[in-house]
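In the working numbering, the protein residues as written are 930 to 1186.
As structure tokens, then:
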């Protein structure tokens, strides 16, 4: 009984270690395409259009309402201690340091990351990936690397769009609805917002973009067979990416802030 349990646990551990190693090799081989030309700029541009441009509306809408909610909740809290003037820094710092990068990454994962996984899964099951290998083409260069570059670029830009719309949404609530002076709102932001906060938000958005495309492309590339395998890969990609983003956010926040 003890031997069987040991073998079972060892098998599970070996399986997961192999998966981690395979995903790491997948990432390294994909990034190595940056050092070996040609770089497919056209495919990168199309991926930026898909991941970034098509997500702009969702990011703007979500960012604006996130800023509004922060302003409503923050104003009532600050009012209890007579610090309503700090509403602007509360909204701006919350968005730039945490909510902007994290929520933007989660939204893009749900919209574009899942689509990337499903697309590569279908190509894998239709043997299009194998056909590319037979033609002497590297699937990672054509399918994965452009998505990684586009994800890093797009998510960084989308995060800042999220931040700006969120700050403007907080302005609408704090100034137009609750009566806070406009100069106080923006003046206190410029007073308390530091370059380290901005740089930290940039670091997070860059790393989240790489994590999202890495995991989503990996799950699609090593998908199961048939429609069931593709659906499982898509679900696993979204869940795993979301968890990794939150875990990595904790570690980055610990180091930077």
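Quick reminder that beta carbons are idealized off the backbone N, C-alpha and C, glycines included. Since this is a predicted model, take the numbers as computed values, not measurements.
Assumed close pair residue i, residue j - CB separation to whole angstroms, cut-off 8 Å
i, j, result
"residue 1073", "residue 1151", "Rounded, the Cβ-Cβ distance is 12 Å, inconsistent with contact."
"residue 1068", "residue 1081", "Incorrect: roughly 20 Å between the Cβ atoms, too far for contact."
"residue 1033", "residue 988", "6 Å"
Cβ-Cβ distance between residue i and residue j below 8 Å
i, j, result
"residue 1076", "residue 976", "yes"
"residue 1000", "residue 1118", "no"
"residue 1162", "residue 1051", "no"
"residue 1021", "residue 980", "no"
"residue 996", "residue 1035", "no"
"residue 1145", "residue 1007", "no"
"residue 1138", "residue 1185", "no"
"residue 991", "residue 1167", "no"
"residue 962", "residue 1070", "yes"
"residue 1177", "residue 1136", "yes"
Proximity winner among the options, relative to residue i (alpha-carbon distances)
i, options, result
"residue 1116", "972, 1015, 947", "1015"
"residue 1013", "1126, 1110, 983", "1110"
"residue 1183", "1133, 1096, 1107, 966", "1133"
"residue 985", "1093, 1120, 1140, 1170", "1093"
"residue 1028", "1087, 1064, 1047", "1087"
"residue 1099", "1085, 1114, 1060, 1090", "1114"
"residue 1043", "951, 1153, 1154, 1148", "1148"
Cβ neighbour criterion (16 or more within 10 Å) applied to residue i
i, result
"residue 1105", "exposed"
"residue 1170", "buried"
"residue 1049", "buried"
"residue 1120", "exposed"
"residue 1066", "exposed"
"residue 1079", "buried"
"residue 1164", "exposed"
Original post:
In chain order, which continuous runs of the beta strand (DSSP E) of length 3 or greater are located wholly inside the region 978-1010?
Top reply: Qualifying beta strand (DSSP E) stretches: none in this window.
Subject >> 4 or more residues per run - each alpha helix (DSSP H) lying fully within the region 1090-1146 >> reply: Positions of the alpha helix (DSSP H) runs, each at least 4 residues long and wholly inside the region 1090-1146, are given as 1111-1121 in order along the chain.
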